[in-house]
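Everything on this sheet refers to the single structure shown next.
Numbering (UniProt numbering), first residue to last: 1 to 62.
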């Protein structure tokens, strides 16, 4: 995989999901924001889940 350009510490990940899953995800992000009484962004929620997935897979390999 190519390295990002100098000074670029973030990359974009794009993928398609079923419409219903997208709607459920957006609703879950909204509910979490209300529950935690702070703004939760979809990006932050996805990054949290990606990090948890990677940690899980790394533990499985160890």
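Yeah, the Cβ is synthetic: ideal placement off N, Cα and C, and Gly gets one too. As the structure is a computational prediction, the values presented were derived from the model and not from experiment.
- Note on geometry: alpha-carbon atoms of residue 9 and residue 47 lie some 14 Å from one another.
- Looking at the backbone, the Cα of residue 52 and that of residue 42 are separated by about 15 Å.
- Pairing residue 18 with residue 32, the inter-Cα distance amounts to about 21 Å.
- Shown here, residue 47 sits in a helix according to DSSP, grouped into three states.
- DSSP, read as helix, strand or coil, puts residue 5 in coil.
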